[in-house]
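Residue numbers (our numbering): 275 to 413.
Printed below as a string of structure tokens:
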């Protein structure tokens, strides 16, 4: 299975390889289904509002023929008190070429290239260090 590269910025090839490796683990399920959307959930089982940890990350992919298009990458964090809620902290919306960050608001994704590159380097490192439990869902 192939993931179509994001056309407006160069993302690390190992990011696409990482996503492809999860899709290839379920290739038969994906090919046998009529699903148009795949969501990858990356969760640190120990992450909590009290103790912190690695933020949950969700990556959405949409079917584009036989291939898959990167749709979004969303990082969630606990926010507010005294009753914190899990909210979007950073949302890289590739389908709309937009970035949303809880502190800076929204901007075009090309304006956030440095943030995106740094984020992906860190994310790849966390995945390689196996800090996340990963779940793939077909929609």
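For every residue, glycine included, the Cβ atom is placed at its ideal position computed from N, Cα and C.
None of these values were measured; they are calculated from a predicted model.
Going by DSSP, which residues form a beta bridge with residue i?
i: residue 364; result: 349 and 375
i: residue 341; result: 338
i: residue 333; result: 314 and 347
i: residue 382; result: 372
i: residue 359; result: 353
i: residue 278; result: 343
Who are the Cβ neighbours of residue i in its own chain at under 6 Å, not counting the five residues just before and after it?
i: residue 408; result: 316
State the Cα-Cα distance for the pair residue i and residue j, rounded to the nearest angstrom.
i: residue 387; j: residue 362; result: 19 Å
i: residue 296; j: residue 318; result: 17 Å
i: residue 302; j: residue 403; result: 27 Å
i: residue 308; j: residue 279; result: 22 Å
i: residue 401; j: residue 360; result: 21 Å
Please classify residue i: does DSSP put it in a helix, a strand, or coil?
i: residue 313; result: strand
i: residue 285; result: coil
i: residue 301; result: helix
i: residue 326; result: strand
i: residue 408; result: strand
i: residue 308; result: coil
i: residue 403; result: coil
Enumerate in chain order the residues of its own chain whose CB-to-CB distance from residue i is below 8 Å, with the five nearest sequence positions on each side excluded.
i: residue 398; result: 286, 288, 289 and 292
i: residue 390; result: 283, 285, 366, 373 and 383
Got a sec? Which residues, its chain only, sit under 7 Å from residue i by beta carbon, not counting five neighbours each side?
i: residue 294; result: 275 and 277
Contact the segment 344-355 vs the segment 316-330: 3+ CB pairs below 8 Å
yes
If you pair each beta-carbon of the segment 334-349 with each one of the segment 363-374, do three or more pairs fall below 8 Å?
yes
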